[in-house]
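Last residue of the sequence shown: 286 in the numbering used here, with the numbers rising by one and none dropped.
Written out below as structure tokens is the structure these notes cover.
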Amino acid sequence: MGTREDIAQAVSEGAEAGRRGDPPTVCPYPRTSLLSGAWVRGYARARPLNTTVEDDAE
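Given below as structure tokens:
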């Protein structure tokens, strides 16, 4: 299990990957790792939601 610093670093790395537009499959942590979950949370916060033309019209 990661320390708080490790978790914060994983969130930061995930957010950076999201801002760069990297696919989520670039996560460097094993899927069963707590750090993987933290990375994905950071990634999800940084990636804009997909919108459609219909969404923009509302």
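Here a beta-carbon is modelled for each residue, glycine too, at the ideal position from N, C-alpha and C.
Original post:
Candidates T231, A236 and R232: which alpha carbon is nearest W267's?
Top reply: A236
Subject >> Closest Cα partner of R275 within the set A238, A243, E233 and V239 >> reply: A243
**OP:** Put Y271 into one of helix, strand or coil per three-state DSSP.
**Re:** helix
**OP:** Label V239 either buried or exposed according to how many other C-beta atoms from any shown protein chain fall within 10 Å of its C-beta, with 16 as the threshold for buried.
**Re:** buried
Original post:
How about A265 and G246: are their beta carbons less than 8 Å apart?
Top reply: Sequence inspection shows Gly at residue 265; the Ala mentioned does not correspond to that position. Taking the C-beta atoms as reference points, G246 is found no nearer than 8 Å to G265.
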